[in-house]
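Residue numbers (this note's numbering): 7 to 121.
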């Protein structure tokens with residue numbers, strides 16, 4: 007089993023920055039892709055960014071050039087650096103990891119972009 011705990015959400019002004027972190031407890035053996043998803047009110051959950059164990063990244067077009075995903079394999083932790091945030095980035099951000107083909111989700115952390 008893998009338990010995920012996200013942190014770092016909160017209120018940020020448009021144009022500001024925010025750092026999210028997601029720590030996976032339990033064994034890290036077998037964890038391959040780690041990623042961030044988000045769900046805005048009334049919307050479906052959508053992919054934000056993913057990163058493989060080897061460091062290959064993928065970004066949604068809406069965040070490309072503004073957000074950076076990274077991970078620390080030794081700490082089983084994935085990060086999301088959010089720069090130049092916009093009101094449309096407001097959402098609950100969820101961490102997801104793939105371990106041996108099984109997906110595990112965190113409970114989410116709320117990010118609100120507002121002046």
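Even glycine gets a Cβ: it sits at the ideal position worked out from N, Cα and C.
{"Check": "With a floor of 3 residues, list each beta strand (DSSP E) that falls wholly inside the stretch 27-114, ordered by position along the chain.", "Outcome": "37-45, 52-57, 63-65, 73-78, 83-88, 97-105 and 108-111"}
{"Check": "Would you give the residue range spanned by the beta strand (DSSP E) that residue 8 belongs to?", "Outcome": "Careful: residue 8 lies outside any beta strand (DSSP E) and carries neither H nor E."}
{"Check": "Quick check on the burial criterion: 16 or more other C-beta atoms within 10 angstroms. Buried or exposed for residue 116?", "Outcome": "exposed"}
{"Check": "If residue 26 sits next to residue 55, beta carbons under 8 Å apart, how far is it from one beta carbon to the other, in whole angstroms?", "Outcome": "No, residue 26 and residue 55 are not in contact; Cβ-Cβ is about 10 Å, not under 8 Å."}
{"Check": "Assess, as a yes-or-no matter, whether the stretch 68-81 is touched by the stretch 100-120 under the definition of 3 or more beta carbon pairs within less than 8 Å.", "Outcome": "no"}
{"Check": "Answer yes or no: do residue 120 and residue 17 have a C-beta to C-beta separation smaller than 8 Å?", "Outcome": "yes"}
{"Check": "Give a yes or no on whether the C-beta atoms belonging to residue 6 and residue 58 are separated by under 8 Å.", "Outcome": "There is no way to answer for residue 6, as the model of the chain reaches only from 7 to 121."}
{"Check": "Check the C-beta distance from residue 91 over to residue 24 and give it rounded, since I have them as a contact under 8 Å.", "Outcome": "6 Å"}
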